[in-house]
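For reference, the structure discussed in these notes is given below.
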Amino acid sequence: MCGFGGYFGSIRDAEALLARMIAAIVHRGPDEQGKFMTADAGLGHARLSVIGIGDGQQPMSDESGNLTIAFNGEIFNYLELREGLIAKGRRFRTSSDTEVILQLYDEMGEDCLSLLNGDFALAIWDNRRRRMVLARDRMGVRPLFYTNRDGVLYFASEIKALLKVPGVSAEIDPIALDQIFTLWAPIAPRTAFRNIHELEPASVMIATPEQVTIKRYWHLDYPHRDAPSKLTNEDDAAEELQALLSDAVRLRMRADVPVGSYLSGGLDSSLVSTLAAGMTPLQLQTFSVTFDSAEHDESAFQIEMASAIGSRHRTIACQAGDIAGVFPEVIRFAERPIIRTAPAPLYQLSGLVRQAGLKVVLTGEGADEVFAGYDIFREARVRRFCGRQPASRIRPQLFRRLYPYLPGLQQQSVEYLAAFFGAGNAALDDPLFSHRPRFKTTAAAKIFFSGDLRATLKGYDAAEELVSRLPQAFSLWHPLHQAQYLESRFLLPGYILSSQGDRMAMAHGIEGRFPYLDHRLVEFAARLPPEMKLKGLVEKHILRKAAGHLLPGAIGERAKQPYRAPEARSFVGAGELDYVRDCLSEANIAAGGLFNAKAVASLHEKCRTQPASGFRDNAAFVGILSTQLWQKNFTGQEASAARAA
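Residues 1 to 645 (full-length UniProt numbering) make up the sequence shown, in order.
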């Protein structure tokens, strides 16, 4: 794991620019730094040494000097690929996975990407063809951003590095902000920064002096809803799943440093930790977050699981005020406004891993997308069930079963439940059927947008843009697979793997590894019949079956408890921090120009007096505060406005 930056084109003071770019992201690679420059291309690299510690320095060139790579991530099957290349007569100078990519590219060009099993972003300067090749892993684990300035292509692992390029400045993209306040994240290639773009997952960019082309080298696909499945036997499917997951964990245990594991206490991380514990010659080290609020805390299950596998377990307590304390740093590393506080405890957790002396952790992220574990999948099934009998007073009561951890919902009437979830009045053929309630509820927070921002966005619909990005085959898939695609293709890379994943971990120089996102496992799960994943209202059925005897019954059979963190109440009250008051002051809100100052003042007061606010108010509070922090950190607008006032 590392960070890199570079350019393609002719520039002045190249060495100084690369130095500034890498200094901006040195947290991603605190072990070593390196630079490479030619007349019209340059690469800089900050290294976190995990594989090939002694000989994996970057940027790395091949023996001929014609190919040079800067690489962020890991290629987990590099040993197998290396053996294949040696069998073809190729010789290696290092033990690193980086050289494997170089030699594979030399052999196959960009087609080599289809052979890589890993989480990566890379840049290869191909001097023979006078081209720069940028690529990103299939699921979007590792980030890669780019911009054009005066005919030069600049790129980097984080936008901070691009802001070091002369003439590149930070300016909010209002369309991206609207997408965040609707879909939770911008739709790539759009980012929160105007004119700065994100290379989409599973994509390769090829830049030559004449043109820049971007194409996808892999697609997430599902079978036709009426196509007979070859995977009809549950026992056989569970056995194959267990073998695939075991191998995914095995590959992700490869490192020249110890590998730990996050342990939430749920099925996903518990299964990964169990498999990892059986593969390490050392005692596995596990890490968890605990909360002082009962509705968020899972510590009892974490302790039970750690005891069952005999891990050396460490926890960090996320107490009242901790989220507010680290939130400015969270936004600085996330580089975008967010509407949830969930990244903050994970920022703390990665700090705990770093304190323990580790650089690498396994995580259970991705299982819910791949095996249909989220409540939204079950909710969509109940909504379709209600839609077939819209006048029923019995069917809407099923919504109470979906959210036992939301006590307020248990007290609502049948009429309220039906109206809130859109039961019976939604078009069943709507491509966003599964996600409409979420998008509608989130978008309600846009009531706090300023008049100027509303005017700028007039006529724009983020949800409809999302529909326009769906593949042609989408309408032919089973409804569950449609919902899974929306989560896996957009929210997973746009928010989960970014704001909660890579950016929070790499803030402390920690590499997260995601066994459930091994592309072999993703492709296998996509072929499974929907009822193997969501059986009735039991989520991740086939994964539970595959876990079988590996987990304690209390863990393997427990219902999904989504990872959440306290929200608006983390910031308000007697211990309210100065920056919260400053960011939400009427003067600074007005100066920022994005929100209605009077309405925000009322929201702030409401959250002070009613800490158990609903989803809209929580999303609005966190979204507005994070946007103000984004502006303050990246544009200085809020700070200068405060001085002017």
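All C-beta atoms in this analysis are idealised placements derived from N, C-alpha and C, irrespective of residue type, glycine included.
- Taking all protein chains shown into account, Ser64 has fewer than 16 neighbouring C-beta atoms within 10 Å of its C-beta and is therefore exposed.
- Scanning Ile51, Gly494, Ile510 for the CA closest to the CA of Ala188 turns up Gly494.
- Between Ala46 and Cys2, the gap from beta carbon to beta carbon is short of 8 angstroms.
- Fully contained in the stretch 502–537 are the following beta strand (DSSP E) runs of length 3 or more, in chain order: 511–513.
- Residues of the same chain with a CB within less than 7 angstroms of the CB of Gln319, apart from the 5 flanking positions on each side, are Asp292 in chain order.
- By the C-beta density criterion, Gln211 is exposed, having fewer than 16 other C-beta atoms within 10 angstroms.
- Taken atom to atom, the span from the alpha-carbon of Arg558 to that of Ser450 is near 44 angstroms.
- Counting C-beta atoms within 10 angstroms of its own C-beta, Leu43 has 16 or more neighbours from the protein chains shown and is therefore classed as buried.
- Here the C-alpha atom of Gly548 lies approximately 47 angstroms from the C-alpha atom of Val580.
- Comparing C-alpha distances from Ala294 to each of Tyr563, Gly623, Ala14 shows the shortest one belongs to Tyr563.
- Excluding sequence positions up to five before and after Asn195, its CB lies within less than 7 angstroms of the CB of Thr147, all in the same chain and listed in chain order.
- Asp126 is bridged by DSSP to Leu67, Arg131.
- Within a 10 Å sphere around the beta-carbon of Ser288 sit 16 or more other beta-carbons, which makes this residue buried.
- Listed as beta-bridge partners of Pro30 by DSSP are Arg47.
- With a cut-off of 8 angstroms on Cβ pairs, the stretch 156–166 is in contact with the stretch 18–27, counting three or more such pairs.
- If you draw a 10 Å sphere on the C-beta of Met279, you find fewer than 16 other C-beta atoms in it, and that means exposed.
- A buried status is given to Thr363, since no fewer than 16 other beta-carbon atoms sit within 10 Å of its beta-carbon.
- Cβ-Cβ distances below 6 angstroms link Phe120 to Gly73, Asp137, Arg142 in the same chain, with the five nearest sequence neighbours on each side left out; the list follows chain order.
- For the pair Ser350 and Gly373, the Cα-to-Cα distance works out to about 24 angstroms.
- Taking a 10 Å sphere around the C-beta of Gln283, we find fewer than 16 other C-beta atoms and assign the residue as exposed.
- For the pair Glu234 and Thr635, the Cα-to-Cα distance works out to about 55 angstroms.
- Taking a cut-off of 8 angstroms on C-beta distances, the stretch 490–509 does not touch the stretch 536–543, as fewer than three cross pairs fall below it.
- In this structure, the CA atom of Arg436 is about 31 angstroms from the CA atom of Gly556.
- The continuous stretches of beta strand (DSSP E) do not include Lys606, which lies in the alpha helix (DSSP H) extending over residues 597–609.
- Three or more beta-carbon pairs separated by less than 8 angstroms are not found between the stretch 222–234 and the stretch 248–256, which leaves the two stretches without contact.
- About 30 angstroms separates the beta carbons of Val622 and Ile303, which is beyond the 8 angstroms limit, so they are not a contact pair.
- Collapsing the DSSP output to three states places Ser61 in a strand.
- Here the C-alpha atom of Arg93 lies approximately 27 angstroms from the C-alpha atom of Val204.
- According to the DSSP assignment, Asn233 belongs to no beta strand (DSSP E), since it is labelled neither H nor E.
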